[in-house]
Amino acid sequence: AGVAALVERLRWVVLGQQYDWSTRTYLPEDAAPPLPTELRSLASEACKHLQRLLGDNNLVDMSSTIFDAAICNFYHAARRPSDRLGGHRDDVEADAVSPLVTVSLGLPCVFLLGGATREA
-18 AGVAALVERL
-8 RWVVLGQQYD
2 WSTRTYLPED
12 AAPPLPTELR
22 SLASEACKHL
32 QRLLGDNNLV
42 DMSSTIFDAA
52 ICNFYHAARR
62 PSDRLGGHRD
72 DVEADAVSPL
82 VTVSLGLPCV
92 FLLGGATREA
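Residue 75 in our numbering sits at position 94 of the sequence shown, and the numbers go up by one each step.
In structure tokens form, the structure reads like this:
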């Protein structure tokens, strides 16, 4: 298969600390190069900005968060209009109150944030 065909089959790539989707665990930190500095900075700046906006109303101190991984999802909307990130829970993190930063580029989308159940 040509490069274009392989890229079209690509669904995601993990940058920084790698994750084993079958066992739902992170691999050792030295299993891959660290998360690029630019992505660490982007996530940290987003948290600092949010911290300033929330002020004393924020219950979580995000100032010391260290970002170590990024999951880059690829959507091929022109060829597969049904491409989307389905509902899921990010529930394997050691610290459940650590911030998760999401950045979307490209087509407009609707980002839904839910609770522990579909009803919440």
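Think of the CB as a built atom: it goes at the ideal place given N, C-alpha and C, for glycine as much as any other residue. Model, not experiment: these values are computed from the prediction.
For the alpha helix (DSSP H) holding residue i, just list the boundary residues, first then last.
{"i": "valine -12", "result": "-16 to -10"}
Assuming residue i and residue j are in contact, meaning their beta carbons sit under 8 angstroms apart, how far apart are those beta carbons, in whole angstroms?
{"i": "alanine 50", "j": "leucine 16", "result": "6 angstroms"}
Just tell me which of the options has its CA closest to the CA of residue i.
{"i": "histidine 109", "options": "Asp37, Gly87, Leu93, Lys29", "result": "Residue 109 lies beyond the stretch modelled for the chain, which goes from -18 to 101, so this question has no answer here."}
{"i": "valine 78", "options": "Glu100, Asp64, Met43", "result": "Met43"}
{"i": "leucine -9", "options": "Phe55, Gly(-3), Glu10", "result": "Phe55"}
Residues in the same chain with beta-carbon distance under 6 angstroms from residue i, minus the five sequence neighbours each way, listed in chain order, please.
{"i": "leucine 20", "result": "Ala51"}
{"i": "valine -5", "result": "Ile52"}
Leaving aside the five residues before and after residue i along the sequence, list all residues of the same chain whose C-beta is less than 8 angstroms from its C-beta, in chain order.
{"i": "leucine 23", "result": "Val82, Val84"}
{"i": "glutamine -1", "result": "Tyr7, Leu8, Ala12, Ala13, Ala50"}
- Item | Segments assigned alpha helix (DSSP H), at least 4 residues, entirely inside the region -12 to 69 | 18 to 35, all fully within the region -12 to 69.
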